[in-house]
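Student:
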């Protein structure tokens, strides 16, 4: 592993290939990264994609996917896949879910059917999916749970710190149960014949919670490492807290984690955050914003943000980003891309998604090179400066 | 030119390259073939695409496109483009349009603004777009205009034949005006400085009308050929008439047209019709159904029609069409394609559109080869038989 300050340049070995870190993971919620193809992802240098367990569990169902040979075979992607535990989506359902010690009970957002997601069940589902990296089920306390409305009246034990501590402690108990189930399925798959294990080499990552409280984060790290996972993620960030608070928590937490294992910052991946958190020792990122924003016409360029719907681009023959080598930038004008987006043409969604993804994958590749070259501080400064320009 | 019975195997030279006929044109309504890329179209063997003047005139506007260097440059496609006159869409607006001798007055379906499409204006717009083939404005009498409800009371002169005759005659008068304008812009572009001619080599096709009446079709051909165009299209079919009536009109009309010029059957292009009409001497086809149906999950395969949403495909590991070499068929299973369509994933829209387009482009290539080989009757019989199978 190369190092440059706290930044790290490493590799993570999975049954479907080696992932070079720092790595940005495009999000393929329902088994497809929206608006682009697998071929596009490979061409752009994506090595690892993320699938959402919640969505795949509901449709088409983890058992169907297992019968089709697992997620890799089902979607025709033979590179590494990481799946989340489904917990984040369940906790986002707000009124549709109820959390108790056993697990999180929720109603499907699709048909209202009732489901119980337990730590064991989250393992079973991901074992059927056969992702290369599975995440344990954790309790995600949201910003609103943590009392972002300071004047709100609270019942005893519902102050932000108590909530963060409670969620962290429950996450530890759930992680223990999840890890036990994972090891059982690995070591004695016949003890749970109802679970078709489609990827025997699946790794399992633990998740650090503790909100914005340094001591809770420290405790979470200690207890998760005691349980022992293939690697660790930092959860409960990018949920509405100020960005400097996020950087602070990352600065505090990352160095506590085992040095020889990748560190994954969940749900973060916009360029500024990615560069700042690589500098703080994070190795893996995921974020839906690059693709979601692209579909709304908000682009990231080497000369700052660009909103393609803006009237000033109506007759602009220039490429979206003259420094980019993606199909949108090498073959089309801003005028045409704007027309496509304004007309909701699927080609526009695709081209702009390709651009934002390519930007982030290139940014990450650049970060890897800079760390290897011992030049990361300058790369970071250059990148941050470029990102604040007006395109 | 090769011949095999009435079927013809030819070429049509345009400023952006030679089109091999019989040719199927993918429809790129708003300057993009829905859900696929230009690269895909080239890879699949598309030589010519169709753009809709009505849509491009309203958004982003023909003047904007002219300022961007014409439609080819605006959309980044350097192969041949055919544009329709805009008339068909205007006539489809029903209550939003009023036709008089001067032209067709209509309200935009987007913002209700009032527009007048005259034969001259249809030429000017297409000259600004700079398509390789422009169509004259014609009066399209729809099936309902032509009295598909036999019991309906009619005012004098509103019987189906009178309506068809009236539309045919007006189409001839409009064609004369359109041709005059086209020749004026070609020969003396400075006489109309308001029209930026972006493709000086644009061809103009006349359109044969006359409904289902053989004598009216004959008269239409005679009078259109007298005006003189680079080639001719048969209009007013595929508008709701029984398929054998369409074949009959084509059988009657095609042989009347000049032998040395391509013949374009407007709005038709599903496999059966394409093969049957190639057999009757048609050289060019367009149809939105292959892409529209694909987006709804209705596929054309070498083993008959296939509705991918059908539950029987939920766990089907087979390719959509084992005889097809498109990306959907070579890389993915029916189970995954079904999942994508059911989840409205953009990847599904793209893959299935690619498949249907590839099917038609291959079918057309096969027809060309068969005509060259003097084997078209057998090719037609084989194709028609395959298309009636159950996939």
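Chains as they are written, first to last, in my numbering: chain A, 25 to 415; chain B, 25 to 415.
We put the beta carbon where it would ideally sit given N, CA and C, even for glycine.
As the structure is a computational prediction, the values presented were derived from the model and not from experiment.
#1: Note the first and the last residue of the continuous alpha helix (DSSP H) segment covering residue 32/A.
#2: Can you tell me whether residue 172/A is buried or exposed? The criterion is at least 16 other CB atoms within 10 Å of its CB, across all chains shown.
#3: Rounding to the nearest angstrom, what Cα-Cα distance links residue 378/B and residue 65/A in this structure?
#4: Skipping 5 residues on each side, what residues in its chain have a beta carbon closer than 7 Å to that of residue 382/B?
#5: Which chain A residues are close to residue 129/B, counting only those with a beta carbon under 8 Å from its beta carbon?
#6: Please report the straight-line C-alpha distance between residue 155/A and residue 248/A, rounded to a whole angstrom.
#7: Looking at chain B, is there any beta carbon in it that lies within less than 8 Å of the beta carbon of residue 40/A?
#8: Going by C-alpha to C-alpha distance, which of 345/A, 106/A, 404/A, 80/A sits closest to residue 375/A?
#9: Which residues, taken in chain order from the segment 49 to 62 of chain A, show a beta carbon closer than 7 Å to some beta carbon of chain B?
#10: Closer than 6 Å by C-beta to residue 313/A: which residues in its own chain qualify, once you throw out the five before and the five after it? Chain order, please.
#11: Nearest by alpha-carbon distance to residue 160/B: which of 116/B, 307/B, 392/B, 112/B is it?
#12: Roughly how many whole angstroms lie between the Cα atoms of residue 411/A and residue 319/A?
#13: Please list, in chain order, the chain B residues whose beta carbon lies closer than 9 Å to that of residue 100/A.
#14: Kindly indicate if chain B contains any beta-carbon less than 8 Å away from that of residue 371/A.
#15: Would you verify that the beta carbon of residue 363/B is, or is not, closer than 8 Å to some beta carbon of chain A?
#16: Report yes or no: is there a C-beta of chain B within less than 8 Å of the C-beta of residue 145/A?
#17: Compute the Euclidean distance between the alpha carbons of residue 167/A and residue 263/A, then round it to the nearest angstrom.
#18: Within 10 angstroms of its Cβ, does residue 332/A collect 16 or more other Cβ (buried), or is it exposed?
#19: Check the Cβ-Cβ distances between residue 344/A and every residue of chain B, and say whether any is below 8 Å.
#20: Pick from 269/A, 260/A, 282/A, 278/A: whose alpha carbon is nearest that of residue 252/A?
#21: Looking at chain A, is there any beta carbon in it that lies within less than 8 Å of the beta carbon of residue 320/B?
#22: In the DSSP assignment, what residue or residues form a beta bridge with residue 89/A?
#23: Tell me where the alpha helix (DSSP H) around residue 120/B begins and ends.
#24: Looking at the C-beta of residue 92/B, does it have a partner C-beta in chain A at a distance below 8 Å?
#25: Between residue 374/B and chain A, is there a C-beta pair that is closer than 8 Å?
#26: Beta carbon of residue 36/B, beta carbon of residue 213/B: below 8 Å?
#27: Please tell me whether residue 88/A has its Cβ less than 8 Å away from any Cβ of chain B.
#28: Return helix, strand or coil for residue 43/A, following the three-state DSSP convention.
#29: From 187/B, 301/B, 88/B, 32/B, pick the residue whose C-alpha is nearest to that of residue 151/B; which is it?
#30: Comparing C-alpha positions only, which one of 49/A, 146/A, 41/A sits nearest to residue 77/A?
#31: Listing by chain order, which chain A residues have their CB less than 7 Å from the CB of residue 367/B?
#32: Identify whether residue 56/B lies in helix, strand or coil by the three-state DSSP scheme.
#33: Show which residues of chain A have a CB atom less than 7 Å away from the CB atom of residue 341/B.
#34: Ordered along the chain, which non-local residues of its own chain (more than five positions away) have a Cβ less than 7 Å from that of residue 170/B?
#35: With DSSP run on the structure shown, which of helix, strand or coil describes residue 330/A?
#36: What does the Cβ neighbour count give for residue 26/B, buried or exposed, with the cut at 16 atoms within 10 Å?
Tutor: Looking at the atomic coordinates:
#1: Within the first chain, the letter at position 8 stands for residue 32/A. Residue 32/A: not part of any alpha helix (DSSP H); member of the beta strand (DSSP E) spanning 31 to 38, first to last residue.
#2: Residue mapping note: residue 172/A aligns to position 148 of the first chain, counting from 1. In this prediction, residue 172/A scores a pLDDT of 44, lower than 50, which makes its location untrustworthy; the coordinate-derived value is nonetheless stated afterwards. It is exposed - the Cβ of residue 172/A has fewer than 16 other Cβ atoms within 10 Å.
#3: Position 354 of the second chain, counted from the first residue, corresponds to residue 378/B. Position 41 of the first chain, counted from the first residue, corresponds to residue 65/A. Taking the straight line joining both Cα atoms gives about 18 Å.
#4: By one-based count along the second chain, residue 382/B stands at place 358. Cβ neighbours of residue 382/B beyond the five flanking positions: 68, 348, 350.
#5: For the purposes of this step, residue 129/B is taken as residue 105 along the second chain, with counting starting at 1. Here the premise fails: no neighbours, minimum Cβ distance about 24 Å.
#6: Here the question's residue 155/A lines up with position 131 in the first chain. Here the question's residue 248/A lines up with position 224 in the first chain. About 21 Å.
#7: In the first chain, the residue the question calls residue 40/A occupies position 16. No, residue 40/A does not count as interfacial toward chain B.
#8: For the purposes of this step, residue 375/A is identified with residue 351 of the first chain, where counting begins at 1. When only C-alpha atoms are compared, the closest one is 345/A.
#9: 54, 55, 56, 58, 59, 61
#10: As a position in the first chain, residue 313/A is number 289, starting the count at 1. So the list reads 294, once near-sequence residues are dropped.
#11: As a position in the second chain, residue 160/B is number 136, starting the count at 1. Ranked by Cα distance from residue 160/B, the first of 116/B, 307/B, 392/B, 112/B is 112/B.
#12: Locating residue 411/A in the first chain gives position 387, counting from the first residue. Locating residue 319/A in the first chain gives position 295, counting from the first residue. The straight-line gap from Cα to Cα measures roughly 20 Å.
#13: The count along the first chain starts at 1 and reaches residue 100/A at position 76. In chain order: 355, 356, 357, 360.
#14: Residue mapping note: residue 371/A aligns to position 347 of the first chain, counting from 1. Answer yes: the Cβ-Cβ gap between residue 371/A and chain B drops below 8 Å somewhere.
#15: The sequence position of residue 363/B within the second chain is 339, counting from 1. It does: the Cβ of residue 363/B has a partner Cβ on chain A nearer than 8 Å.
#16: In the first chain, residue 145/A corresponds to position 121, counting from 1. No, its Cβ sits nowhere closer than 8 Å to a Cβ of chain B.
#17: Position 143 of the first chain, counting from 1, holds the residue named residue 167/A. Position 239 of the first chain, counting from 1, holds the residue named residue 263/A. With a pLDDT of only 49 at residue 167/A, under the threshold of 50, the placement of this residue in the model should not be trusted; the figure read from the coordinates follows. So the two alpha carbons sit approximately 6 Å from each other.
#18: Looking up residue 332/A in the first chain gives position 308. If you draw a 10 Å sphere on the C-beta of residue 332/A, you find 16 or more other C-beta atoms in it, and that means buried.
#19: Within the first chain, numbered from 1, the residue matching residue 344/A stands at position 320. No, residue 344/A lies away from the interface with chain B (no Cβ there is under 8 Å from its Cβ).
#20: Sequence index remark: in the first chain, residue 252/A carries index 228 (1-based). When only C-alpha atoms are compared, the closest one is 282/A.
#21: As a working mapping, residue 320/B is identified with position 296 in the second chain. By the rule that beta-carbons nearer than 8 Å mark a contact, residue 320/B does not touch chain A.
#22: In the first chain, residue 89/A corresponds to position 65, counting from 1. Partner(s): none; residue 89/A has no beta bridge.
#23: The residue labelled residue 120/B in the question sits at position 96 within the second chain. No alpha helix (DSSP H) holds residue 120/B; DSSP gives it neither H nor E.
#24: In the second chain, residue 92/B corresponds to position 68, counting from 1. For residue 92/B, the answer is yes, since a Cβ of chain A falls inside 8 Å of its Cβ.
#25: Sequence index remark: in the second chain, residue 374/B carries index 350 (1-based). Yes, because at least one Cβ of chain A sits closer than 8 Å to the Cβ of residue 374/B.
#26: Taking the second chain and counting its residues from 1, the one referred to as residue 36/B is at position 12. Taking the second chain and counting its residues from 1, the one referred to as residue 213/B is at position 189. For the pair residue 36/B and residue 213/B, the CB atoms are not nearer than the 8 Å cut-off.
#27: Residue mapping note: residue 88/A aligns to position 64 of the first chain, counting from 1. Yes, contact with chain B.
#28: Taking the first chain and counting its residues from 1, one reaches residue 43/A at position 19. Three-state DSSP puts residue 43/A in a strand.
#29: Numbered from its first residue, the second chain carries residue 151/B at position 127. Comparing Cα-Cα distances from residue 151/B to each of 187/B, 301/B, 88/B, 32/B, the minimum goes to 88/B.
#30: If you number the first chain from 1, residue 77/A lands on position 53. That would be 146/A, whose Cα lies nearest to the Cα of residue 77/A.
#31: To locate residue 367/B, count along the second chain from 1; it is residue 343. Within chain A, the C-beta atoms nearer than 7 Å to that of residue 367/B come from 54, 83, in chain order.
#32: By one-based count along the second chain, residue 56/B stands at place 32. If DSSP states are grouped into helix, strand and coil, residue 56/B belongs with coil.
#33: Within the second chain, residue 341/B is the residue found at index 317, counting from 1. Result: 92.
#34: Working through the second chain from its first residue, we reach residue 170/B at position 146. Caution is warranted here: a pLDDT of 49 is assigned to residue 170/B, below 50, making its placement in the model unreliable, and no coordinate value can be reported.
#35: Along the first chain, one-based indexing puts residue 330/A at 306. Residue 330/A falls in the strand class under three-state DSSP.
#36: By 1-based counting over the second chain, the position of residue 26/B is 2. Exposed is the call here.
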